[in-house]
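Residue numbers (the working numbering): -11 to 188. Every residue, glycine too, gets a C-beta built ideally from N, C-alpha and C. Scroll down for the structure; my scribbles are underneath it.
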């Protein structure tokens, strides 16, 4: 190990040394499943994907209780063969530093309407006395963007993931957990009223 460290130190001092790709990429390829590559392809070509938590605020919304977390359509959208493993896939990709679970919503909030209609989301909503939906997203990290660009035979349209770490212009677009209900909170009732107003 010390010899390898010494060689790295020598390379770092050599101004003419060129490293084509990050040395971790080779080992990462041995730690990802084909379905996980499908997820990376989706995030690299389509950008951030919506995810949602469902919390139960009850009838006295002093504290909320988590009913379901990380609900997403990524498995279906990516064409994963083993949908029951999607949460494990996402956790592994996050462990490898390729993706990030963001508290910020995607730009098009209409995507959450589609997500809300999914059976697992509806089941979580029905389980809650009074459901509150928390909008989140999943996206590539800058490391993940570079990995996809250098390793996968796809056209990466996501130039950078840096922007998603910035403070959003509309923080009310998501709901902070474990706090009393306030103006701008997203509940199932509020979403239904919003849809009705748009139709009128």
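- Contact annotation: residue 62 and residue 16 have beta-carbon atoms that are not nearer than 8 Å.
- For the options 38, 46 and 86, the alpha carbon positioned closest to that of residue 19 is the one of 86.
- Counting only the Cα atoms, residue 96 lies some 25 Å from residue 131.
- In this structure, the straight-line span from the alpha carbon of residue 69 to that of residue 13 is close to 24 Å.
- A straight-line Cα-Cα distance of about 15 Å links residue 51 and residue 41.
- According to the DSSP assignment, residue 73 belongs to no beta strand (DSSP E), since it is labelled neither H nor E.
- The segment 69 to 138 is shown to contain whole beta strand (DSSP E) runs of 3 or more residues at 87 to 90 and 119 to 128, in chain order.
- Going by DSSP, residue 44 is part of the beta strand (DSSP E) stretching over 37 to 44.
- Taking all protein chains shown into account, residue 101 has fewer than 16 neighbouring C-beta atoms within 10 Å of its C-beta and is therefore exposed.
- For residue 59, DSSP records a beta bridge to 40.
- By the criterion of at least three beta-carbon pairs nearer than 8 Å, the segment 101 to 111 is not in contact with the segment 125 to 140.
- Residue state for residue 17 is assigned as helix, using DSSP reduced to three classes.
- Scanning 21, 99 and 30 for the CA closest to the CA of residue 143 turns up 30.
- Taking 8 Å as the cut-off, the beta carbon of residue 92 is found no closer than this to the beta carbon of residue 39.
- Around the beta carbon of residue 71, a 10 Å sphere encloses fewer than 16 other beta carbons of the protein chains shown; the residue is thus reported as exposed.
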